[in-house]
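Structure first, then comments.
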Amino acid sequence: MSNSSLPPGVAWVPVETALDRLRAATRPVPEVETVPLLQAGGRVLAAPLHAARANPPAANAAVDGYGFAHASLGPAPHALALLSGRAAAGAPYTGAVPPGYALRILTGALLPAGADTVLIEELVTPDADAIHFERTPRPRANTRPAGEDVGEGAEILPEGRRLAPQDLALAAAAGLGALAVCRRLRVAVLSTGDELRAPGTPAAPHQTYDANRPMLLDILRRWDMIPVDLGHAPDSAEAVSAALDRGAAEADAILTSGGASAGDEDHVSAVLKARGALETWRIAVKPGRPLAIGRWQGRPVFGLPGNPVAAFVCTLVFARPALLRLAGAPWDIPRGLTLPAAFAKAKHGGRREYLRARLDASGAVEVFASEGSGRISGLAWARGLVELEDGPRTIRPGDPVRYLPFADFGL
Ligand code: AMP
Ligand code: MG
Numbered sequence: 001m002s003n004s005s006l007p008p009g010v011a012w013v014p015v016e017t018a019l020d021r022l023r024a025a026t027r028p029v030p031e032v033e034t035v036p037l038l039q040a041g042g043r044v045l046a047a048p049l050h051a052a053r054a055n056p057p058a059a060n061a062a063v064d065g066y067g068f069a070h071a072s073l074g075p076a077p078h079a080l081a082l083l084s085g086r087a088a089a090g091a092p093y094t095g096a097v098p099p100g101y102a103l104r105i106l107t108g109a110l111l112p113a114g115a116d117t118v119l120i121e122e123l124v125t126p127d128a129d130a131i132h133f134e135r136t137p138r139p140r141a142n143t144r145p146a147g148e149d150v151g152e153g154a155e156i157l158p159e160g161r162r163l164a165p166q167d168l169a170l171a172a173a174a175g176l177g178a179l180a181v182c183r184r185l186r187v188a189v190l191s192t193g194d195e196l197r198a199p200g201t202p203a204a205p206h207q208t209y210d211a212n213r214p215m216l217l218d219i220l221r222r223w224d225m226i227p228v229d230l231g232h233a234p235d236s237a238e239a240v241s242a243a244l245d246r247g248a249a250e251a252d253a254i255l256t257s258g259g260a261s262a263g264d265e266d267h268v269s270a271v272l273k274a275r276g277a278l279e280t281w282r283i284a285v286k287p288g289r290p291l292a293i294g295r296w297q298g299r300p301v302f303g304l305p306g307n308p309v310a311a312f313v314c315t316l317v318f319a320r321p322a323l324l325r326l327a328g329a330p331w332d333i334p335r336g337l338t339l340p341a342a343f344a345k346a347k348h349g350g351r352r353e354y355l356r357a358r359l360d361a362s363g364a365v366e367v368f369a370s371e372g373s374g375r376i377s378g379l380a381w382a383r384g385l386v387e388l389e390d391g392p393r394t395i396r397p398g399d400p401v402r403y404l405p406f407a408d409f410g411l
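So that you can map any letter, position 399 of the sequence shown is 399 in our numbering, and since no number is skipped, the others follow by simple counting.
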């Protein structure tokens, strides 16, 4: 790569290639379970969902008013004799509406036999035993035919769908009370480094609070996965191997942070290499060097960088699509939005860049003042990322940039 911002002499894997490899290597964990609809939010459908009954199951009224047979209307103005009784939601009228008669009917009530049209009450002048109205309504006005929304047996949601609240409404309306979903994915999280201390405990200046573990465990919860906390391992091949063994025994996939580079104390990449299980390394992404993707006892391992900003970005960009696919969802990369930049920047070619970003008051994209990847405060400031393509680019204020809201990553 000429004019590259990367050290020469090694083969850097483009982000797109790394994602293609991950996609090809990732198959859903096959176990399926049935859960009550009320507990199914956030779960992944294991099979397409079909309506157990139509919605609505029978024709009903869309407004409060009066129901009658359209064919029995003569020329306007109209007068229809009023039946006693009424049809209400949950309390159908058991008789029939004869030609020339109308029945009081409320929203959601089944249309009684003989009625096919409803006139909204505001257009009607009622008296003791008749209703009067000026204009002739359309046939079937203000009614909802059976199956208008969903036909019986129709596919209402696809396999792999992560169930949103509105999906639960649809499934409930279509008569379903329990759903076949994929087992929740178990994902282990390990921090590595001799310098690490648990949050909230005493630490000397040469020690670093473990910021990655609380962040990664919470990200997994938000993706409706089961986090498995492996704690932290010191910088030794034995300790890292033992922790990975535990992770492989207890989880479907493992996220580690730290020790993924090529230095003396980088034991995650070292043990993955020693086992011949390092699949992708040296990805051309900023922030993100080093990132090691491999397997331990067949389980995918994401060897994230120790730096919390880089660990966060790599988790969203690389681990998320793979983990959701393992969990049974389709492969999904957020499309993002194209919005005007509120910043200027010149970028070299050679690697893809992600900047901490958020929208300003005018809806343009601003980026965190410092690109220094040690600035965890920038992560908390941001509401999304700007993605800059692999090639060189000069951005001036107002130029279009790709903005990926954290919400599109499920955060
Ligand atoms: P490494 O990738 O192990 O070389 O670590 C890169 C930097 O990230 C070093 O400054 C580490 O101290 C720091 N770091 C590693 N793991 C964590 C963690 N869990 N929380 C906060 N900082 C970390
Ligand atoms: Mg380290």
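Idealized CB from N, CA, C, for every residue including glycine.
{"Asked": "Any idea if T192 is buried or exposed, counting beta-carbon neighbours within 10 angstroms, 16 or more meaning buried?", "Found": "buried"}
{"Asked": "Closer than 8 Å is the cut-off here; do at least three beta carbon pairs connect the region 339-351 with the region 389-408?", "Found": "yes"}
{"Asked": "For the structure I just gave you, are there three or more beta carbon pairs, one from the region 57-66 and one from the region 140-158, closer than 8 Å?", "Found": "yes"}
{"Asked": "Thinking C-beta only, is A91 closer than 8 Å to T107?", "Found": "no"}
{"Asked": "For a quick check, are the C-beta atoms of G74 and L103 less than 8 Å apart?", "Found": "no"}
{"Asked": "Between which residues of its own chain and I226 is the CB-CB distance below 6 Å, once the five residues before and five after are set aside?", "Found": "R184 and R186"}
{"Asked": "Do three or more CB pairs link the region 160-170 to the region 29-41 at distances below 8 Å?", "Found": "yes"}
{"Asked": "I'd like to know whether the C-beta atoms of L22 and P321 end up nearer to each other than 8 Å.", "Found": "yes"}
{"Asked": "My understanding is that D194 touches A284, with C-beta atoms under 8 Å, so please give their C-beta distance in whole angstroms.", "Found": "With 8 Å as the limit, D194 and A284 do not qualify as a contact, their Cβ atoms being about 29 Å apart."}
{"Asked": "Buried or exposed for V10, please, with buried defined as at least 16 other CB atoms from any protein chain shown within 10 angstroms of its CB.", "Found": "exposed"}
{"Asked": "Could you give the DSSP three-state label for N212: helix, strand or coil?", "Found": "helix"}
{"Asked": "Among L255, V181 and D360, which residue has its Cα nearest to the Cα of R161?", "Found": "V181"}
{"Asked": "Whose CA, out of D266, A249 and C314, lies closest to the CA of Q297?", "Found": "A249"}
{"Asked": "Going along the chain, which residues of its own chain have a beta-carbon closer than 7 Å to the beta-carbon of A172, five neighbours each way excluded?", "Found": "L37"}
{"Asked": "Do A357 and V44 have their beta-carbon atoms positioned less than 8 Å apart in this structure?", "Found": "no"}
{"Asked": "Name the residue from G276, A274, R275 and G259 whose alpha carbon lies nearest to the alpha carbon of V268.", "Found": "G259"}
{"Asked": "Taking the C-alpha atoms as reference points, what is the distance between L19 and C314?", "Found": "11 Å"}
{"Asked": "Should E238 be flagged as near chain C, meaning a C-beta pair shorter than 8 Å?", "Found": "In the structure shown, chain C cannot be found, because there is only a single protein chain."}
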